[in-house]
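Going by our numbering, -7 is the number at position 9 of the sequence shown; the sequence numbering is gapless.
By construction, the Cβ of each residue, glycine as well, lies at the ideal position given by its N, Cα and C atoms.
Since this is a predicted model, take the numbers as computed values, not measurements.
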Amino acid sequence: MTTLTVTLPNGKIAKRRTERTYTHAVCSDTKVLSFCGSFALAQKRIASISCPKIRAMHQIVPVNS
């Protein structure tokens, strides 16, 4: 198992333990929406959010292992 960390836009650190490989996370200011295996998948995840206001509140950040 690997522990992944993501620094959220508000400065807090989110952690996840997993066997999988993730390179990016889609997050709001305070929480991770999803972990993704590539930048392109993270872009696709944001694009799948139907509400433009909600979609605009999310961003892609790199994952550290």
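Per DSSP, reduced to three states, the secondary structure at Ile(-3) is strand. Taken atom to atom, the span from the alpha-carbon of His42 to that of Asn48 is near 19 Å. Pairing Ser18 with Val10 gives a Cβ-Cβ distance under 8 Å. Ile38 sits in a helix when the DSSP states are folded into three classes.
Thr(-9) has its alpha-carbon roughly 10 Å from the corresponding atom of Thr14.
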